[in-house]
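Novice:
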Amino acid sequence: MRLLVTGNEMDNAFAVVETGGTKDRPIGFHCHKEAHDVFLCVKGVRNVWANDEARSMGPGDFASAPPEEFFRFIGEPYSGPLFPTNDNRNPFEVLIPKLMAATEKFDMIPVREKKSFDPQPWNGTENKLPGKCKNGGYFLKEGEGEKTVIGGTVVRAMCRREETNDRFSIYDILGSSIHASKAFSKEVRFADTHHAIYTVDGALKLTIGGEEVIALAGETTFVPAGTKFKVGFETVYARAYVLANGGGFGELLNGLGSVYESVAVPNEVERSWDEGKLKELEAEIGDLSF
16 MRLLVTGNEM DNAFAVVETG GTKDRPIGFH CHKEAHDVFL CVKGVRNVWA
66 NDEARSMGPG DFASAPPEEF FRFIGEPYSG PLFPTNDNRN PFEVLIPKLM
116 AATEKFDMIP VREKKSFDPQ PWNGTENKLP GKCKNGGYFL KEGEGEKTVI
166 GGTVVRAMCR REETNDRFSI YDILGSSIHA SKAFSKEVRF ADTHHAIYTV
216 DGALKLTIGG EEVIALAGET TFVPAGTKFK VGFETVYARA YVLANGGGFG
266 ELLNGLGSVY ESVAVPNEVE RSWDEGKLKE LEAEIGDLSF
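Residue 119 in the working numbering sits at position 104 of the sequence shown, with consecutive numbering throughout.
1. Please work out which residues of its chain come closer than 7 Å, Cβ to Cβ, to residue 284, disregarding the five sequence neighbours upstream and downstream, and give them in chain order.
2. Assign residue 176 to one of three DSSP states: helix, strand, or coil.
3. Count the CB pairs spanning the stretch 258-267 and the stretch 170-182 that are closer than 8 Å, and state whether there are at least three.
4. Locate the beta strand (DSSP E) running through residue 147, then write down its first and last residues.
5. What's the gap between the Cα of residue 54 and the Cα of residue 79?
6. Could you tell me whether the Cβ atoms of residue 242 and residue 224 are closer together than 8 Å?
7. May I ask you to list the residues that DSSP assigns as paired with residue 68?
8. Can you tell which of 138, 69 and 185 has the C-alpha that lies nearest to the C-alpha of residue 212?
9. Using only the alpha-carbon positions, how far apart do residue 302 and residue 138 sit?
10. Do three or more CB pairs link the stretch 153-161 to the stretch 60-78 at distances below 8 Å?
11. Quick one: give me the first and last residue of the beta strand (DSSP E) that residue 247 is part of.
12. Tell me whether residue 140 sits in a helix, a strand or coil according to DSSP, three-state version.
13. Give me the residue from 164, 228 and 304 with the minimum Cα distance to residue 203.
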């Protein structure tokens, strides 16, 4: 488990945590009173349980577990570069004390009466966003959901403010340096919204507070609220996840774009953004300025 962004940087708005490991039995079910957990698989396969649904998630698959929803997913300090491969300890002797301690220290409630079950097949309900924050959460399959395109940048909403009761959002963006001249290139500032940008593939060219940064695959870039920044693509193909404690940059791009069906970056770019729509979104989002 690696802490990419913590509540200390985000004013307790949210945190971003990267985890990895080998196949094993999961810990028991638990839930939160306040915290809204989401799970995004970047590599390998991860099993996630949420209430009465469970899926084996591959790269790009997404799961949302709102407060008071039962889910599985605990850890301890580790300094190695990957994860322990020879941990033969009794999980009950190790985990039970940690679960009890977590209950006292964190917003975590064990749900011991919840019986275990195997992950279920993907059944087609995971192809669109629910449009609201609902009990039971939801799963979203890679490449599915609402997609738009703006200046050659493909934007896919994974969870919007509608799905999180206005608490946060996550958008998947894909683009290419080939379309740099037509891509959205304005510097933006969100007075109250923090951003964490995780580069999945390729490299991004970011300008943050006037300083240019190249963010490579696997790197996380934190942009504090009130900071001017710009997002571009350094490589012929690049992909990133944009997380924000609000609508933020992802919502802006999504609102400026036109409906798009493909999952690939377009070969040709027909048009850029509408300045009139940009002014509408500036007023609608509230804390946005240029």
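Note that beta-carbon positions come from the ideal geometry of N, C-alpha and C, so glycine has one too. Please read all numbers here as calculations on a predicted model, not as lab measurements.
Specialist: Looking at the atomic coordinates:
1. Within the sequence shown, residue 284 is the residue found at index 269, counting from 1. The residues are 166, 167, 194 and 197.
2. In the sequence shown, the residue the question calls residue 176 occupies position 161. In this structure, residue 176 counts as helix in the three-state DSSP scheme.
3. yes
4. Mapped onto the sequence shown, residue 147 falls at position 132. Looking at the DSSP string, residue 147 is not in any beta strand (DSSP E), and its letter there is neither H nor E.
5. In the sequence shown, the residue the question calls residue 54 occupies position 39. In the sequence shown, the residue the question calls residue 79 occupies position 64. Going by the C-alpha atoms only, they are around 6 Å apart.
6. Reading the sequence shown from its first residue, position 227 is the one you call residue 242. Reading the sequence shown from its first residue, position 209 is the one you call residue 224. For residue 242 and residue 224, yes; Cβs fall inside 8 Å.
7. The sequence position of residue 68 within the sequence shown is 53, counting from 1. Its beta-bridge partners are 65.
8. For the purposes of this step, residue 212 is identified with residue 197 of the sequence shown, where counting begins at 1. Among 138, 69 and 185, the Cα nearest to that of residue 212 is on 185.
9. Within the sequence shown, residue 302 is the residue found at index 287, counting from 1. Within the sequence shown, residue 138 is the residue found at index 123, counting from 1. Near 39 Å, if we compare the C-alpha coordinates of residue 138 and residue 302.
10. yes
11. Taking the sequence shown and counting its residues from 1, the one referred to as residue 247 is at position 232. Its beta strand (DSSP E) spans residues 244-248.
12. Reading the sequence shown from its first residue, position 125 is the one you call residue 140. Looking at residue 140 - three-state DSSP - the assignment turns out to be helix.
13. Within the sequence shown, residue 203 is the residue found at index 188, counting from 1. Here the closest residue by C-alpha is 304.
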